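J.: Numbering (my numbering), first residue to last: 101 to 678. Structure provided below as structure tokens; questions to follow.
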Amino acid sequence: MSALLDLLSAKLGDAFAAEGLEASLGATRVSDRPDLAQFQCNGAMAAAKIAKTNPRAIAEKIKARVESDPLFTKVELAGPGFINLTLTDSFLADGANRIAQDGRYGVPVVDPAKTIVLDFGGPNVAKPLHVGHLRSAIIGESLQRLMRFMGDTVISDIHMGDWGLQMGQVLYGLEHPDVTGVVVDGDPTLEQLEEIYPAVSAASKEDETVLGRAREITARLQEHDNVYYPRWQRVREISTASIREGFDALGVTFDEWKGEADVDHLIDDMVTAIKVSGKARLSDGALIIDVARDDDKKEVPPLILLKSDGAAMYSTTDLATIVDRVQSHDPDEILYVVDQRQNLHFEQVFRAAKKTGINGHAEMEHLGFGTMNGPDGKPFKTREGGVMKLADLIENATQAAATRMAEAGIGADFAEDERSKIARQVGIAAIKFADLSNHRMANYIFDLDRFASFEGKTGPYLQYAAVRIKSLLRRARDEDRFVEGPIVIGAKEERNLVLTALSIDDALGNAYDKHAPNLICEFAYNLAQSFSSFYAACHVVREEDEGTRASRLSLAALTLAQLELCLELLGIEIPERM
Ligand code: ARG
């Protein structure tokens, strides 16, 4: 909760307590009717139920106790017993001046800070990145920035898929141009790898012998065979380089570039320990861990630790990865930003980890997300029906941004290279903001034209809003009209902007608690809108009264600082000018 809401809730709580009622009834929140009041407390309704009296009568008593507080200009009752509260302008202005001085603009760090391993991205070697990986990268990057800003220690890990059957299939493909149609001489290129995998995957479905052979190669690879292992290493290097390039371009970074293969050496000991502990059992030759519970609403099948042929599974590597993370970082939390469709997998893994105790003291949570759909409402594909490559996606977004910029006359007189740099920043902002502004669990439709618009709730709108404030402040200096001074409130647009700015701790705190970057988007958008109304109603650079001008410039600077912070947390760059 915000410092302001805390303070108000405590004041009202004292009044309830003085009436012999629970202090928690004082809980105060932002008013549903901003036309009537800034804040409201509905505690009298609950109090009346408990005390079996009339809520209005209780509300009257609370009102009588708080209305003389110099904090309030207005305390009024409405409806059955709502207590409506309006703060004095000087109190609000003090708050604004306080957060303007504070390097964190009013957002406190969390206490205690945590050590968090954040698993996101999750691309697969030799398979093209798809939009699921894109969403994971965008959401994960924002969460990593937010958690660091809040004071946590975050260790981000890309957890690359580099060890399963898919690798055996690629290695098989390298030896079988007859199956793949791709002739590889020396090292394969990335383009070749991206053709090989789907070809072998399709052939495996049709032809048992291909699948059998790919399985054999997978087993040999996992035994560090001296032919396949070095070949696999090259494939992984080539693929990783391209993944790195793609994520770099998006401004997505990882502390650790580990993959499933990096924990392979931990599997044997882990499995032995689990066997010894009696937490696993054999079933049709496979080694499984029962994880069902009596109160399960839907069936949670056992986790397969080893298949009957002794092969490790996706879940096995995830468990071994937990062992590795606990050994290396002793985290308080391990969070997984992965497509919601993998929820059952994570449920099994978490339960097995707790049952076997391998998670140490770490809490584990799957932060799922919905799908990005095409206009047909189905998971997004290219016009040709394939997966959209990250580079192509960025290219398309840059194009869409360039078109929108031309329409809006933005950058028309800039040099070509600056204009194209801005178009890229705007294109990436369009994609990221569109993705982050939906609640992560929601599915959304990919619509670049809308995302790249400079109007509405979009990334480009916010970038433009920030650039406009920058240029306003620059103009004040250039024209020698810059003065410093405290924020004072006169106009209602100033009051409204201050109220919005004072709610940043609530917005970012909730975004952090709920792992919901959409709440950052929402706050940033409200802030930009409040600023825009303020700017439409109040002169800033042209204001003649120096004190008022200083106040408005300070308010503009505070708005800019908060917008910059929010965009930074969303992973969105702000162009120097537009
Ligand atoms: N590579 C997986 C995929 O593409 C995602 C990995 C997610 N992370 C994890 N620890 N399982 O589906």
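Every residue gets a Cβ at the ideal spot worked out from N, C-alpha and C, and that includes glycine. Predicted, not measured: the structure shown is a model, and the values here were computed from it.
Among 106, 512, 213, 199, which one has its Cα closest to the Cα of residue 431?
T.: The option with the nearest alpha carbon to residue 431 is 213.
J.: Does at least one heavy atom of the ligand ARG sit under 8 Å from the Cβ of residue 318?
T.: Incorrect: residue 318 has no Cβ contact closer than 8 Å to the ligand ARG.
J.: Cβ of residue 232 versus every heavy atom of the ligand ARG: is any distance shorter than 8 Å?
T.: Yes, the ligand ARG has a heavy atom inside 8 Å of this Cβ.
J.: If you follow the beta strand (DSSP E) that residue 461 is in, where does it begin and where does it stop?
T.: First-last for residue 461: undefined, no H or E at that position.
J.: Does at least one heavy atom of the ligand ARG sit under 8 Å from the Cβ of residue 224?
T.: Correct: residue 224 has its Cβ closer than 8 Å to the ligand ARG.
J.: Does any heavy atom of the ligand ARG sit closer than 8 Å to the C-beta of residue 423?
T.: Because no heavy atom of the ligand ARG lies under 8 Å away, the Cβ of residue 423 does not count as near it: no.
J.: In whole angstroms, give me the CA-to-CA distance for residue 331 and residue 227.
T.: Distance between the alpha carbons of residue 331 and residue 227 is about 16 Å.
J.: Taking the continuous beta strand (DSSP E) assigned at residue 641, which residues delimit it?
T.: It is not in any beta strand (DSSP E) - residue 641 carries neither H nor E in the DSSP assignment.
J.: Where does residue 542 land, buried or exposed, given buried means 16+ other C-beta within 10 angstroms?
T.: So residue 542 ends up on the exposed side.
J.: Would a C-beta distance cut-off of 9 Å place residue 102 and residue 606 closer than the cut-off?
T.: Taking 9 Å as the Cβ cut-off, residue 102 and residue 606 qualify as a contacting pair.
J.: With contact counted as at least three CB pairs below 8 Å, one residue from each stretch, are the stretch 557-575 and the stretch 664-671 in contact?
T.: Yes, they touch.
J.: With respect to the alpha helix (DSSP H) encompassing residue 610, which residues constitute its N-terminal and C-terminal limits?
T.: 604-613 is the span of the alpha helix (DSSP H), which, as asked, contains residue 610.
J.: Which runs of the beta strand (DSSP E) fall wholly inside the stretch 458-507 and span at least 3 residues, in chain order?
T.: Whole beta strand (DSSP E) segments, 3+ residues: 463-467.
J.: Taking Cβ positions, are residue 660 and residue 592 nearer each other than 9 Å?
T.: Cβ distance not < 9 Å, so residue 660 and residue 592 don't count as in contact.
J.: In this structure, what does DSSP give as the bridge partners for residue 433?
T.: DSSP, once it has assigned bridges, lists 216, 463 as partnering residue 433.
J.: Quick check on the burial criterion: 16 or more other C-beta atoms within 10 angstroms. Buried or exposed for residue 516?
T.: So residue 516 counts as exposed.
J.: So for residue 353, helix, strand or coil by DSSP?
T.: The answer is coil: DSSP assigns residue 353 none of H, G, I, E or B.
J.: Does at least one heavy atom of the ligand ARG sit under 8 Å from the Cβ of residue 135?
T.: No, the ligand ARG has no heavy atom inside 8 Å of this Cβ.
J.: Taking a contact to mean a Cβ-Cβ separation below 9 Å, would you say residue 150 touches residue 183 in this structure?
T.: Contact flag unset, no.
J.: Under three-state DSSP, which class holds residue 152?
T.: Reduced to three states, the DSSP call for residue 152 is coil.
J.: What would DSSP say about residue 381, mapped onto helix, strand or coil?
T.: Correct three-state label for residue 381: strand.
J.: Do you know whose CA, among 248, 243, 316, lies nearest residue 265's CA?
T.: If we check each option's Cα against that of residue 265, 316 comes out closest.
J.: Alpha carbon to alpha carbon, how far is residue 131 from residue 499?
T.: Roughly 42 Å separates the two Cα atoms.
J.: Residue 647: buried (16+ other C-beta within 10 angstroms of its C-beta) or exposed?
T.: Exposed, because fewer than 16 other Cβ atoms sit within 10 Å of the Cβ of residue 647.
J.: Counting Cβ pairs closer than 8 Å, one from the stretch 216-224 and one from the stretch 310-329, do we hit at least three?
T.: Too few Cβ pairs lie closer than 8 Å, so no.
J.: Taking 6 Å as the limit between beta carbons, can you name the residues of its chain near residue 488, skipping five residues before and five after?
T.: Counting only Cβ-Cβ distances below 6 Å, and skipping sequence neighbours, we find 482.
J.: In terms of residue numbering, what span does the alpha helix (DSSP H) encompassing residue 406 cover?
T.: Segment 403-406 is the beta strand (DSSP E) holding residue 406; no alpha helix (DSSP H) there.
J.: What are the boundary residues of the beta strand (DSSP E) that includes residue 253?
T.: Taken as a continuous stretch (DSSP letters only), the beta strand (DSSP E) holding residue 253 covers 253-257.
J.: Checking the sheet assignment: what are the DSSP bridge partners for residue 140?
T.: According to DSSP, which records beta bridges pairwise, residue 140 is partnered with 129, 184.
J.: Could you tell me how far apart the beta carbons of residue 576 and residue 559 are, in whole angstroms, since I believe they sit closer than 8 Å?
T.: About 27 Å; that fails the 8 Å criterion.
J.: Report, in whole angstroms, the separation of the C-beta atoms of residue 145 and residue 170, which I expect to be a contact under 8 Å.
T.: Contact flag wrong, Cβ pair sits at about 27 Å.
J.: Determine the extent of the alpha helix (DSSP H) in which residue 172 is found, giving its start and end residues.
T.: That residue, residue 172, is in no alpha helix (DSSP H); its beta strand (DSSP E) goes 172-178.
J.: Smallest Cα separation from residue 260: which of 138, 619, 229?
T.: Among 138, 619, 229, the Cα nearest to that of residue 260 is on 229.
J.: For the stretch 347-355 against the stretch 228-246, are there 3 or more C-beta pairs whose distance is under 8 Å?
T.: In short, these stretches touch, since the Cβ pair count reaches three.
J.: Report buried or exposed for residue 636, applying the criterion of at least 16 other Cβ atoms within 10 angstroms of its Cβ.
T.: It counts as exposed.
J.: Determine the direct distance from the alpha carbon of residue 628 to that of residue 311, and round the result to whole angstroms.
T.: Rounded to whole angstroms, residue 311 to residue 628 spans 56 Å at the Cα level.
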